[in-house]
Amino acid sequence: MRIWTFGDDIDTDAIIPGRFLTEYDPGKLAEHVFEGTRDDFRTGVRPGDVVVAGRNFGCGSSREHAPLALLGAGVKVVVAESFARIFYRNAVNTGLLPLVCPDTSALLEGHEIKVDPVGGFIESDGVRYAVEAVPPFMQAIVDAGGLVDYAKEMKEVELCTGSRR
Amino acid sequence: MGATLVEKIFSSRCGKEIEAGDVVMAAVDRAMIHDITGPLAIQKFREMGGERVFDPARIVMLFDHQVPADSIQAAENQKFMREFALGQGIHNYDLREGVCHQVVLEKGHAAPGEIVVGSDSHTCMYGAAGAFATGIGSTDMGFVLKFGALYFRVPDSIRVEVNGAFAPRVGAKDLILSIAGDIGADGATYQALEFAGETFRSMPMAGRMTCANMAIEMGAKAGIVPPDTITREYVQARRPDAAGFDLASDRDAVYAEWREYEVADLVPQVAVPHNVDHVVGVDEVAGTHVDQVFIGSCTNGRYEDFAEAAGVLGDRKFSDAVRVVLIPASKEEYLKTLRAGLIERFVEAGALVEAPCCGPCMGGAFGLLAPGEVSLSTSNRNFRGRQGSTEAGVYLCSAATAAASAITGEITDPREV
Chain U
2 MRIWTFGDDI
12 DTDAIIPGRF
22 LTEYDPGKLA
32 EHVFEGTRDD
42 FRTGVRPGDV
52 VVAGRNFGCG
62 SSREHAPLAL
72 LGAGVKVVVA
82 ESFARIFYRN
92 AVNTGLLPLV
102 CPDTSALLEG
112 HEIKVDPVGG
122 FIESDGVRYA
132 VEAVPPFMQA
142 IVDAGGLVDY
152 AKEMKEVELC
162 TGSRR
Chain S
21 MGATLVEKIF
31 SSRCGKEIEA
41 GDVVMAAVDR
51 AMIHDITGPL
61 AIQKFREMGG
71 ERVFDPARIV
81 MLFDHQVPAD
91 SIQAAENQKF
101 MREFALGQGI
111 HNYDLREGVC
121 HQVVLEKGHA
131 APGEIVVGSD
141 SHTCMYGAAG
151 AFATGIGSTD
161 MGFVLKFGAL
171 YFRVPDSIRV
181 EVNGAFAPRV
191 GAKDLILSIA
201 GDIGADGATY
211 QALEFAGETF
221 RSMPMAGRMT
231 CANMAIEMGA
241 KAGIVPPDTI
251 TREYVQARRP
261 DAAGFDLASD
271 RDAVYAEWRE
281 YEVADLVPQV
291 AVPHNVDHVV
301 GVDEVAGTHV
311 DQVFIGSCTN
321 GRYEDFAEAA
331 GVLGDRKFSD
341 AVRVVLIPAS
351 KEEYLKTLRA
361 GLIERFVEAG
371 ALVEAPCCGP
381 CMGGAFGLLA
391 PGEVSLSTSN
401 RNFRGRQGST
411 EAGVYLCSAA
421 TAAASAITGE
431 ITDPREV
C-alpha cells in the first residue's frame, strides 16, 4: 500500500469533474478520477493505495460519485486531517474508510503505509500515528458493510431513537 | 438552558428535548432528488430492498443539471427517473420548472420548522424559509426514499448577527462572500449558521436564499434564517397551511460561536480562484480581464438579481469581448424578469439568455471555459475546473458586480459605472 499525498480543501469537482456525473459505475468513474487536477494518479494508482490529505477533504458537492470514483480506482482508505461532512458520510455509506489523523504532514508520497482501523492507527516509515475511530452511530453501518447492507433487511426504522453525544 | 432554532426543530419532531451533538433518527418532511444524484439514489433504494417509496407526496423530483439533456446518457438517466416517478406516483416537475433549490421554495415544499433533505449540497438554501435543510448523498437518499427518515447528528449553531443597511450596489451576495472569507471553507463544518440581526430581518427572501445557499461553502450542515413576517408572507402564499412561524432560538440558547457584522461600510466582494473563502474587496481585483460573465444559478438567478443587473446596465451594451450568459433560476423568475422587460434589454445589450437550469455552474452542460480563460460568476463555487478547463479561473461576485464587469470587459466596481 503506497501513499498518494494531497493538500487542503480537495473538492469533489477535483475528485470527479461535473461532466462525468452521468456515470455512476465505480469502474467507469475511476477512468476520470482527479482528471485535470492530478492526472498521474489515474494511471499510477494500484489497488490498496491510500490517499492522504490535509484539511477539509471532499468539500463541495454531495455527489457520491466522488467516493465511488476512488473506490473504483482501488482506493479503500482516505486519511485526512479533516473531512467535509457530506463526503465523510458518503464514504462511510459506500464502504470507503475515512480516517481522521490530526497531522498528516509527515506522511510522504510513494512511501509504504499500514492501516489498522480496528487498532486505531496507521504506520509509515516506522512511525505510528493515532487515527480517530468512526463515530459509534456510524460504526454499525461500517460493520454492516455500508448503508445498503445495513438497511436491506429492515422493514421500518424506529423514529427518534439515537444516542447522546 | 435555552435551545437554538435547530435544536427546537429536532425536539419538536421527536417530542423530547434534543441537544446539539445528539444523534437521532428523524422523519423528514420533504426529500428532493434531481437528474445527477437521483438515478443512483433510486438504485440504492432498490438495493436496500425498497419497493414502494415511503410517501410519494413528500418527494420532489426535477431535472436541472443537464437540461435539456446534453448527452444520450443524461437522457437515459432522466428517462429512468421519469419512469420511476410514474410507477411510484411521485410528482415530477421534470425539466419545466428550473433549479431544484429555487423550485422547492417557490412551490412551497419547505416551511419553517420542517426537516428537508436533498441529494444536492446546496439544499441548505431552504433554511431561508426557516426549515432545517441539508444536503445528503445518494445512498442516504435511498434510505430516505425507503423509510422517510434519516440519522442526523444535530449540529450546534454559529450565530451570525448582522446589522446596518447596505450601501447602493452592495447586498446579500457581498455579505455572504465576506462571511465565507472570515469563517473559511471548513470553519463551520458540521455546524449550522443561524443568520440574524436587523439586516436579515429587513432582507427580502431573495437575499436570504443567497446567504442560506452558501452555508455549505463554509462546510455547514445547514444555514437558517429565523422565520418572521417576510417568511410568513412568502411561504403562506405558496402553502396556506404552513405553520411554525413563531419558531425562534431562546435568548439563552448556547451557541458554538457568536459573530457580529456591520454592513454599512461593506464594499462589493469577490472570491478569487480557486477557493470560495479567498475573498477580497472588488478594488483588489478590479481591472482583471474577463472572458465570460454568468449571471444566474440558485445563488443569484432571481428577478431581484436581474433587476439589479439591469439597473447597472442602464441603456448601455455589454462588451463585445465578453460572453454574457444569463440563466434565470426558475420559470417563475424567468417570467417575472421577462414581463418586466428586462430579458429584452439584456438580449439587446448582447447577452445570451438560457432556459432555467444549472448551466455553467454544473460544469458539464454548456458555457464551459477554455484553458486560460476567466469567468466572473454569480454562482456559489469557484473550484478549479468547476466551469470547464482546470486551467481556467472562476471569480464569484454579485449580480451588480457581474453586470458592471460585463459592460467594461474587466472586473469593475459596480459603484463606478
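Protein sequence lines correspond, in order, to chains U and S.
Under the working numbering, the first residue of the first sequence carries the number 2, and numbering increases by one thereafter.
Under the working numbering, the first residue of the second sequence carries the number 21, and numbering increases by one thereafter.
Even for Gly, the Cβ is constructed at its ideal location relative to N, Cα and C.
Just so it is clear, the structure is predicted and the values come from calculations on it, not from any experiment.
Across the structure, G429/S and V44/S are spaced so that their CA atoms are roughly 51 Å apart. Closer than 9 Å at the C-beta level to chain S, one finds these residues of the segment 3-19 of chain U: D9, D10, D12, T13, D14, A15, P18, G19. About 6 Å separates the CB atoms of S317/S and T398/S; that is less than 8 Å, so the two are in contact. Contact annotation for L60/S against chain U: Y25, E65 [CB-CB distance below 7 Å, chain order]. DSSP, read as helix, strand or coil, puts S139/S in coil. H112/U carries a coil assignment under DSSP once its states are collapsed to helix, strand and coil. Residue environment analysis places S91/S among the exposed positions, since fewer than 16 neighbouring C-beta atoms fall within 10 angstroms of its C-beta. Close CB contacts of A141/U within its chain, under the 8 Å cut and outside five residues either way in sequence, are with Y151 (chain order). For T24/S, no alpha helix (DSSP H) run applies, since DSSP gives it neither H nor E. Cβ proximity to chain S below 8 Å picks out A85, R86, I87, R90, N91, N94, T95 from the segment 85-102 of chain U. The residues M45, A46, V48, V137, I156, D160, F163, V164, in chain order, have a CB closer than 8 Å to that of L170/S in the same chain once the five nearest residues on each side in sequence are set aside. DSSP, read as helix, strand or coil, puts I29/S in helix.
Under the Cβ criterion (8 Å, minimum of three pairs), the segment 174-194 of chain S counts as touching the segment 215-223 of chain S. If you look at N91/U, you'll find it in the alpha helix (DSSP H) that goes 86-95. Inclusion of G69/S and S350/S in the CB contact set at 8 Å is not warranted, their separation being larger than that value. Residues of the segment 124-156 of chain U whose Cβ lies closer than 7 Å to any Cβ of chain S, in chain order: F138, L148, V149, A152, K153.
Contact check for N402/S against V414/S passes: the beta carbons are separated by less than 8 Å. In the same chain as A23/S, and ignoring 5 residues on each side of it, the C-beta atoms closer than 8 Å to its own belong to S31, E37, E39, S269, D270, A273, in chain order.
For F152/S, the enclosing beta strand (DSSP E) covers residues 152-155. Using a Cβ-Cβ cut-off of 8 Å, S83/U counts as an interface residue toward chain S, since at least one Cβ of chain S sits closer than that to its own. With a cutoff of 8 Å on beta-carbon distance, T209/S and A85/U are scored as near each other. Of the residues assessed, H111/S falls on the exposed side of the cut-off, its CB having fewer than 16 other CB atoms within 10 angstroms.
One Cα belongs to D261/S, the other to V255/S, and the distance between them is close to 9 Å.
Interface annotation, T105/U: not in contact with chain S, CB-CB separation never under 8 Å. In the same chain as R406/S, and ignoring 5 residues on each side of it, the C-beta atoms closer than 6 Å to its own belong to G383, V414, in chain order. For V158/U, the chain S residues whose C-beta falls within less than 7 Å of its own C-beta are M45, F167, A169, listed in chain order. Scanning P175/S, V313/S, C144/S for the CA closest to the CA of G243/S turns up C144/S. Counting along the chain, I178/S sits inside the beta strand (DSSP E) bounded by residues 177-183.
Contacts with chain S at 8 Å (Cβ-Cβ) do not include R43/U. No Cβ of chain S is located within less than 8 Å of the beta carbon of L30/U.
G37/U reaches chain S at R404, G405, S409, T410, E411, counting residues in chain order whose Cβ is nearer than 9 Å. Distance from the CA of V87/S to the CA of R116/S, rounded to the nearest whole angstrom, comes to 9 Å. Three or more Cβ pairs closer than 8 Å define a contact, and the segment 299-311 of chain S falls short of that threshold against the segment 60-67 of chain S. Relative to the Cα of A371/S, the nearest Cα in the group F172/S, C381/S, V345/S belongs to V345/S. Using beta-carbon distances, Q93/S counts as an interface residue toward chain U, with a partner under 8 Å. Using a Cβ-Cβ cut-off of 7 Å, G59/U is close to nothing in chain S; its nearest Cβ partner there is about 10 Å away.
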